[in-house]
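As structure tokens, the structure follows; a few thoughts come after it.
In this note's numbering, the protein residues as written are 36 to 150.
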């Protein structure tokens with residue numbers, strides 16, 4: 036992950052975690068839909084850092100990071116064809132578990148995180 040992309044991924048995961056901490060309504064959106072909506076909002080507010088990046092790639096990298104936390108035995112890359120289906124598996128987890136996974140993914144995606 037490139038440094039400027041790392042910031043955008045971290046920011047996106049942070050926004051998703053904030054949203055899931057206090058969802059507006061009883062219907063929590065699917066994670067991919069949530070990530071896609073939030074990335075557009077962040078971009079519209081110029082909150083993704085100073086370097087332009089592909090919004091789709093940021094969503095894919097955030098999804099891959101989340102899936103790598105959910106299933107560390109299988110490495111997920113942003114361009115894997117089954118990312119959307121596997122995110123659907125995470126969507127079926129209890130909300131508290133999804134929040135925990137997002138907290139961990141957010142921490143790991145932080146620009147200062149050591150790998």
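Beta carbons are placed, not taken as given, at the ideal position from N, Cα and C, and that holds for glycine.
Since the structure is predicted, the reported quantities are computational estimates derived from the model, not experimental observations.
- The residue from 46, 55, 47 with its alpha-carbon nearest to that of residue 132 is 55.
- Here residue 117 is exposed. Its C-beta has fewer than 16 other C-beta atoms within 10 Å.
- Going by beta carbons, residue 104 and residue 53 fall outside the 8 Å limit.
- Pairing residue 113 with residue 126 gives a Cβ-Cβ distance that is not under 8 Å.
- Between the C-alpha atoms of residue 121 and residue 143 there is a straight-line separation of about 19 Å.
- Inter-residue distance for residue 98 and residue 84 is about 19 Å (C-alpha atoms, whole angstroms).
- The Cβ-Cβ distance between residue 43 and residue 70 does not fall below 8 Å.
- By the criterion of a C-beta distance shorter than 8 Å, residue 66 is surrounded in its chain by 51, 98, 101, 122, 125, 126, 133, once the five residues flanking it on both sides are discounted.
- By the beta-carbon neighbour count (other beta carbons within 10 angstroms, threshold 16), residue 119 is exposed.
- Here residue 88 carries a coil assignment [DSSP, helix/strand/coil].
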